[in-house]
Structure formats: C-alpha cells, structure tokens
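Peer 1: To start, I am sharing the structure in question, which I have written as structure tokens.
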Amino acid sequence: MLQWILTVLYILLILSVFTIILVDRGDSGRKFAWLLVIAVLPVVGLVLYLMFGINYRHHWIFNRRHQRYRDIFEAGTTPELNRILFGHDNESAIREEFRPLAKLLGAESYPSVTSGNDVEIITSGQRKFDLLREDILAAKYSIHIEYFHFGNDKGSKAIKRLLMQKAREGVKVRFLYENIANFPIASAYYNNMRKAGVEVVKFTNPRMHVLDLATKLNYRNHRKIVVIDGKIGYTGGMNINDHYFRQWRDTHMRLTGDAVAVLQYTFLDSWLTGGGTIDKEMIEYYPMAKKTVTESVDVTAREHKALNSVASTGSATRETGSATRDNDLSTEQEIDFRATHQTLRNKLVQIVPDEPDLPLPILQLSYEWALQHAQKYIYLQTPYFVPTEPVMDALKTAALCGVDVRLMLPEVADNLLMRPANRAYYEEVLQAGVRIFLRKGEFIHAKTFVCDDYLSSIGSANLDFRSFAINYEVNSYIYDEETALMNKGIFMYDLRQCHELTLEAWNARPWYSRIIESFMRLFAPLL
Numbered sequence: 024m025l026q027w028i029l030t031v032l033y034i035l036l037i038l039s040v041f042t043i044i045l046v047d048r049g050d051s052g053r054k055f056a057w058l059l060v061i062a063v064l065p066v067v068g069l070v071l072y073l074m075f076g077i078n079y080r081h082h083w084i085f086n087r088r089h090q091r092y093r094d095i096f097e098a099g100t101t102p103e104l105n106r107i108l109f110g111h112d113n114e115s116a117i118r119e120e121f122r123p124l125a126k127l128l129g130a131e132s133y134p135s136v137t138s139g140n141d142v143e144i145i146t147s148g149q150r151k152f153d154l155l156r157e158d159i160l161a162a163k164y165s166i167h168i169e170y171f172h173f174g175n176d177k178g179s180k181a182i183k184r185l186l187m188q189k190a191r192e193g194v195k196v197r198f199l200y201e202n203i204a205n206f207p208i209a210s211a212y213y214n215n216m217r218k219a220g221v222e223v224v225k226f227t228n229p230r231m232h233v234l235d236l237a238t239k240l241n242y243r244n245h246r247k248i249v250v251i252d253g254k255i256g257y258t259g260g261m262n263i264n265d266h267y268f269r270q271w272r273d274t275h276m277r278l279t280g281d282a283v284a285v286l287q288y289t290f291l292d293s294w295l296t297g298g299g300t301i302d303k304e305m306i307e308y309y310p311m312a313k314k315t316v317t318e319s320v321d322v323t324a325r326e327h328k329a330l331n332s333v334a335s336t337g338s339a340t341r342e343t344g345s346a347t348r349d350n351d352l353s354t355e356q357e358i359d360f361r362a363t364h365q366t367l368r369n370k371l372v373q374i375v376p377d378e379p380d381l382p383l384p385i386l387q388l389s390y391e392w393a394l395q396h397a398q399k400y401i402y403l404q405t406p407y408f409v410p411t412e413p414v415m416d417a418l419k420t421a422a423l424c425g426v427d428v429r430l431m432l433p434e435v436a437d438n439l440l441m442r443p444a445n446r447a448y449y450e451e452v453l454q455a456g457v458r459i460f461l462r463k464g465e466f467i468h469a470k471t472f473v474c475d476d477y478l479s480s481i482g483s484a485n486l487d488f489r490s491f492a493i494n495y496e497v498n499s500y501i502y503d504e505e506t507a508l509m510n511k512g513i514f515m516y517d518l519r520q521c522h523e524l525t526l527e528a529w530n531a532r533p534w535y536s537r538i539i540e541s542f543m544r545l546f547a548p549l550l
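So the number in the working numbering is just where the residue sits in the sequence shown, counting from 1, plus 23.
What follows is the structure, encoded as structure tokens:
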C-alpha cells in the first residue's frame with residue numbers, strides 16, 4: 024500500500040514538474056531539453072531540474088540582499104550621482120538611429136549613457152597586466168576587484184602580492200571572487216590576503232544542503248570589474264590568470280570618466296549581495312559625483328554641444344564618403360589598431376550590468392536590437408556559441424536581409440563539451456548567409472560586437488543561454504565612430520588568424536560528427 028502511494032505521489036510530482044516546465048515562458052529549446060532529461064532519467068533528471076532548472080533568483084527571498092544595497096544607496100545618494108547613473112540627458116548626443124538602444128538599455132532601473140569617458144581598448148594580456156599593476160601601485164584610497172576567475176599562477180600571484188601590499192599601506196582593498204569557478208584553489212590562498220588586511224568575499228558560497236545547493240550552485244558571477252579610487256575602471260572579458268600571456272586572445276577596457284561610477288555601483292551591489300559590508304557614506308565611493316549641481320549642468324551642456332557637433336560632422340562625412348569606404352580596413356590600419364596603445368577621448372559609454380533576478384534579459388535584448396537594426400554590417404566575437412532562440416532568429420534574419428554578419432569563434436574549444444555544442448548551430452546560420460570564421464592558434468575569448476561604424480560592445484557575456492539568463496554579467500556599449508572603427512580594425516586583424524568555414528565544407532564533415540552534434544543540440548541549452 025505504501026509503495027503504491029509513493030508511486031502515485033512520484034507520478035504526480037513528475038506531471039507537476041512537466042506542467043511547470045511547459046507553462047514557463049522561457050526559451051523553448053531549454054524547456055525541451057529539460058523535459059528530455061526528466062523523461063530519460065526520471066529521478067536524477069528531477070533532482071537536476073530542481074537544482075538547475077528553476078530561476079530561484081526571481082523569488083522574493085533572493086531579492087532582499089539587492090534591496091539592502093538599494094536602500095543604502097538611496098539613503099546616501101545625491102542628485103548629481105543620480106544624474107550620472109540614471110539620467111537620460113546624454114542620449115541626445117547619440118546618433119538618432121541608435122537612441123532607441125540607449126533607451127532600452129537604460130529602461131526602468133538600469134544605468135544610462137555616461138559622457139566624458141576616456142577609453143583604452145586592450146587586446147593584450149601583458150598590456151592589461153602592466154596597466155593594472157601601475158594603477159594598483161598608484162592607488163591612494165580604495166581598490167575594488169571582482170573576478171570570475173582569479174588564478175593561482177605567476178601573474179595572479181603578482182597581483183595578489185600587490186593587493187596585500189596596498190592593504191598594509193592603509194588602502195581599502197575589497198576582493199570579490201566567484202567561489203565555484205575557483206573551487207580548486209585552497210582557502211589558504213585567500214586567508215593570506217585577509218591576514219594582510221584585504222577584505223575578501225565569496226560571491227557564491229553554497230552550503231551542503233538541498234535548498235542552498237538548489238538556489239546558489241547554478242548561478243555564477245561572470246563579471247570582470249576593477250575600480251581604483253573610484254576614478255579608474257577596468258572591465259571586459261579578461262580574468263586574472265596566465266592564459267592571457269600566451270594561449271588566449273581577449274578584449275578588455277580601461278576607463279576613466281563617469282562610466283566608472285556605474286562600474287562602482289555594480290561592484291558595490293555584488294559586494295553587498297555576496298555578504299560584504301561598506302564603512303563610508305555612499306557618496307564617498309563616487310568622487311566624480313561631488314561636483315555641485317551648477318557645475319554638472321554647465322559641464323553637461325558643453326559636452327552635449329561638442330558631441331552634437333562631432334555627430335553632425337560624422338554624419339556629413341558618412342554621407343559624402345559612403346561610396347568609397349569599404350567595410351574592410353587597410354592592412355596598415357589593422358596593424359596600427361592592434362599595436363598602438365591609444366586612449367580614445369570623451370566617449371559616450373553605457374555600462375550595462377545584467378543578473379538573473381532582473382525583470383528583463385537586457386543583454387539578450389541588446390543583441391537582438393543590434394542584429395535587427397544593423398544596416399550594413401555587424402561583426403561578433405564569442406568563445407561559446409549556444410544562442411537563445413531570439414538571438415538565433417535575429418542572426419539569421421539580419422543575414423537574410425543582406426547585412427554582412429560575421430561570427431568569429433575558436434577553431435578548438437577549451438573543453439570537450441563546448442566544441443560539439445558550438446558546432447551544433449553552425450549549419451543553421453550558414454544556410455542563412457552568416458559568415459563563420461574559426462580562429463586558429465590563440466583561443467578567442469573576446470565577447471565583442473561592432474555595428475555600422477558606430478556601435479561597439481565589449482563585455483563578459485558570451486552568446487549563450489547561461490550568459491543571457493543565469494550569470495551575473497556586465498557589458499559596455501560605446502556610441503562613437505572612432506571607437507567602432509578601432510574595434511572593426513581589431514576584428515579585421517584577428518581575421519588573419521582565421522579560416523572561413525563555408526557551407527560546402529561544413530556539409531562534407533564526417534557522419535559521426537553530425538550524430539554527435541545533433542545529440543549535443545538537444546542538451547546544449549543546459550550547458
């Protein structure tokens with residue numbers, strides 16, 4: 024009798040879970056994958072779904088920590104800081120056809136466009152290490168570091184020693200790391216930092232019981248953020264480890280200007296969400312917001328006048344030069360863009376943090392918008408290509424509409440599962456006219472796109488479901504022709520290390536590859 028009751032209850036539970044999955048408004052490919060897992064492995068599949076399939080971060084209990092930060096922020100903010108973070112006065116300086124994207128990314132409580140930013144685009148791990156080292160050594164008040172992966176190798180230990188040195192000198196050093204991604208590294212590694220005075224917080228720290236594992240294990244803080252003295256910021260795709268000196272090619276940014284305030288805001292949110300504390304008035308972390316209201320209005324007016332003048336000049340140049348300009352830059356420009364450490368001045372930058380408890384998949388929507396509104400070209404780089412259905416449809420639609428859509432991916436993935444998972448989507452986009460370039464040699468870890476010589480994106484988010492729906496990510500959007508041409512030049516330079524995958528060559532692959540890829544396509548949305 025008891026066995027019969029348990030069987031009935033189990034069947035009802037399975038049916039209930041099936042119903043929950045079916046009525047969920049999420050990606051249908053991901054829903055089908057979960058249904059398949061539960062059907063094939065009923066007990067194991069059910070447990071896995073309860074742990075990894077439900078977005079617990081939308082539940083009220085997991086919004087309390089974020090609300091704690093919002094309460095602290097609102098209690099200590101000023102009109103000038105609110106203007107920098109959430110004001111919309113800079114949108115008028117953007118080219119008209121791209122303003123809807125800025126409004127989308129700044130909707131509701133998302134940060135808006137910031138002005139007066141100096142940007143260096145970094146494509147060398149050594150260059151990033153050298154710049155970061157110099158800025159850490161020069162820090163006077165605070166160093167905030169947030170990384171998905173902080174290695175235990177030579178370069179990482181060098182940065183660790185610098186952080187400990189600055190903490191001993193009295194600089195406030197806060198170090199936030201993703202516990203699960205750094206699991207093999209012993210706790211003693213971080214305890215040494217604590218002993219030196221560095222404040223260390225684990226972002227994801229699940230305890231070994233079902234509720235904690237279910238609600239924390241699946242979520243990763245994939246961001247890469249450094250803020251020094253509230254004035255200098257770093258963000259992009261690079262973690263801290265020695266891969267970037269030899270085997271990997273990635274893209275990162277060093278920033279000064281109002282965009283750093285958004286990086287600071289994002290870091291402090293993560294810091295408090297992870298259980299950290301702050302010991303100052305909120306405004307003390309934002310030196311750029313200490314101007315008087317009158318000063319900020321005057322500066323903003325001057326910036327708008329200058330930027331609108333540049334935008335008008337750029338529009339005229341585009342109209343007169345469009346007949347002679349080719350999408351491919353010259354060889355000399357390619358080398359110059361990659362080799363020159365150039366700071367781009369006074370740029371409009373929108374820093375966009377995304378996380379699983381926000382109401383909109385804002386980064387996914389930004390990719391959809393860019394693909395749907397591109398007129399001439401959009402060039403994308405990503406190490407992992409497991410696109411959600413809306414992004415997949417947008418890629419194909421753009422190519423079918425005649426837009427030059429190029430997708431750069433690594434020839435060899437960095438793990439066994441991702442290679443067939445990436446390849447499972449090739450045929451569909453190739454048939455639509457998307458051009459795929461596979462990079463040889465260094466593993467391409469950059470997450471970038473550039474569109475129509477004006478819009479650039481550099482960030483931490485991959486073109487996959489995890490980045491768009493599960494991870495904590497941050498991308499930067501730069502509205503500017505000079506920056507776009509530089510990013511385009513970097514893409515063209517990377518093409519030298521690529522070979523193009525044609526549909527004809529793809530169709531000639533072995534039969535067993537097709538079977539493996541078809542199988543992986545079923546489960547790829549769960550990776």
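Glycine included, C-beta positions come from ideal geometry on N, C-alpha and C.
Mind checking whether Phe408 and Asp487 have CB atoms under 8 Å apart?
Peer 2: Going by C-beta atoms, Phe408 is nearer than 8 Å to Asp487.
Peer 1: Name, in chain order, the residues that DSSP records as bridge partners for Trp271.
Peer 2: Phe466
Peer 1: Which term fits Arg462, buried or exposed, when burial requires 16 or more other beta carbons within 10 angstroms of its beta carbon?
Peer 2: buried
Peer 1: Let's see if you can read the secondary structure: which residues bound the beta strand (DSSP E) around Asn215?
Peer 2: No beta strand (DSSP E) holds Asn215; the alpha helix (DSSP H) holding it covers Ser210 to Lys218.
Peer 1: What separation, rounded to the nearest whole angstrom, lies between the Cα atoms of Gly220 and Val196?
Peer 2: 8 Å
Peer 1: In whole angstroms, what is the alpha-carbon distance linking Tyr242 and Phe290?
Peer 2: 17 Å
Peer 1: Rounded to whole angstroms, what's the CA-CA distance from Tyr267 to Leu478? Just pull it up for me.
Peer 2: 26 Å
Peer 1: Let's see if you can read the secondary structure: which residues bound the alpha helix (DSSP H) around Gln365?
Peer 2: Unbroken run through Gln365: none, as it is neither H nor E.
Peer 1: Cutting at 7 Å between CB atoms, please list the residues of its own chain near Glu326, excluding the five before and the five after it.
Peer 2: Residue placement at Glu326 is flagged as unreliable, the pLDDT there being 45, under the threshold of 50; the coordinate-derived value follows with that caveat. Only Ser138 and Gly139 meet the Cβ criterion.
Peer 1: Answer yes or no: do Thr101 and Ala282 have a C-beta to C-beta separation smaller than 8 Å?
Peer 2: no
Peer 1: Taking the alpha-carbon positions, what's the Pro382 to Leu127 distance?
Peer 2: 13 Å
Peer 1: Under 8 Å: do the segment 393-402 and the segment 426-434 share three or more Cβ pairs, one atom per stretch?
Peer 2: yes
Peer 1: For His172 versus Asn244, is the C-beta distance shorter than 8 Å?
Peer 2: no
Peer 1: With distances taken from CA atoms, which of Ala162, Asn264 and Glu222 is nearest Lys254?
Peer 2: In terms of CA proximity to Lys254, Ala162 leads the group Ala162, Asn264 and Glu222.
Peer 1: If we ignore side chains and look at the alpha-carbon of each, how far apart do Tyr133 and Phe466 end up?
Peer 2: For Tyr133 and Phe466, the distance between alpha carbons rounds to 32 Å.
Peer 1: Would you tell me roughly how many angstroms separate the C-alpha atoms of Asp94 and Thr300, rounded to the nearest one?
Peer 2: Those two C-alpha atoms are separated by around 14 Å.
Peer 1: Does DSSP classify His558 as helix, strand or coil?
Peer 2: A query on residue 558 cannot be resolved here, the shown segment of the chain reaching from 24 to 550 and no further.
Peer 1: From what residue to what residue does the beta strand (DSSP E) around Gln404 run?
Peer 2: Tyr400 to Gln404
Peer 1: Should Val497 and Gly482 be called a contact, given that it needs their Cβ atoms to be closer than 8 Å?
Peer 2: yes
Peer 1: Put Leu286 into one of helix, strand or coil per three-state DSSP.
Peer 2: helix
Peer 1: What would DSSP say about Tyr5, mapped onto helix, strand or coil?
Peer 2: Outside the shown range of the chain (24 to 550) lies residue 5, about which nothing can therefore be said.
Peer 1: Near Pro433, which residues of its chain fall below 6 Å by C-beta distance, leaving aside the five closest residues on each side in sequence?
Peer 2: Pro406, Arg462, Phe466 and Ile467
Peer 1: For Gln149, count the other beta carbons within 10 Å of its own beta carbon; 16 or more makes it buried, fewer makes it exposed. Which is it?
Peer 2: exposed
Peer 1: Please list, in chain order, all residues of the same chain as Glu114 whose beta carbon is under 8 Å from its beta carbon, the five residues on each side excluded.
Peer 2: Arg122, Ala125, Lys126, Gly129, Ser135 and Val136
Peer 1: Going by DSSP, what residue range makes up the alpha helix (DSSP H) through Met311?
Peer 2: For Met311, no alpha helix (DSSP H) segment is defined, and its DSSP state is neither H nor E.
Peer 1: Return the CA-CA distance between Tyr502 and Pro443, expressed in angstroms with no decimal places.
Peer 2: 35 Å
Peer 1: Taking the Cβ atom as the reference point for each residue, do Glu523 and Phe460 lie within a distance shorter than 8 Å?
Peer 2: Less than 8 Å divides the Cβ of Glu523 from the Cβ of Phe460.
Peer 1: Quick check: the Cα distance between Leu418 and Lys470, rounded to an integer number of angstroms?
Peer 2: Distance between the alpha carbons of Leu418 and Lys470: 16 Å.
Peer 1: Alpha carbons only, please: which of Ile182, Trp294, Asp437 and Glu169 is nearest the one belonging to Gln270?
Peer 2: The shortest C-alpha separation from Gln270 is found at Asp437.
Peer 1: If you drop the 5 nearest sequence neighbours on each side, which residues of the same chain put their C-beta closer than 7 Å to that of Asn175?
Peer 2: Ile208 and Tyr212
Peer 1: When you compare each of Tyr257, Met276, Gly464 and Leu439 to Gln520 by their alpha carbons, which one comes out closest?
Peer 2: Minimum Cα distance to Gln520 is reached at Gly464.
Peer 1: Give me the residue from Arg191, Val223, Gln188 and Ile182 with the minimum Cα distance to Asn202.
Peer 2: Val223
Peer 1: If contacts are defined as beta-carbon pairs under 8 Å, then Thr279 and Asp141 qualify, I think. What distance do you get, rounded to the angstrom?
Peer 2: Confirmed, about 5 Å.
Peer 1: Report yes if the CB atom of Leu371 is closer than 8 Å to the CB atom of Ile117, and no otherwise.
Peer 2: yes
Peer 1: For my contact list, Arg156 and Leu185 are in at a C-beta cut-off of 8 Å; report their separation, rounded to the angstrom.
Peer 2: 6 Å
Peer 1: Relative to the alpha-carbon of Gly297, which residue among Leu526, Ile538, Tyr495 and Arg537 has its alpha-carbon at the smallest distance?
Peer 2: Tyr495
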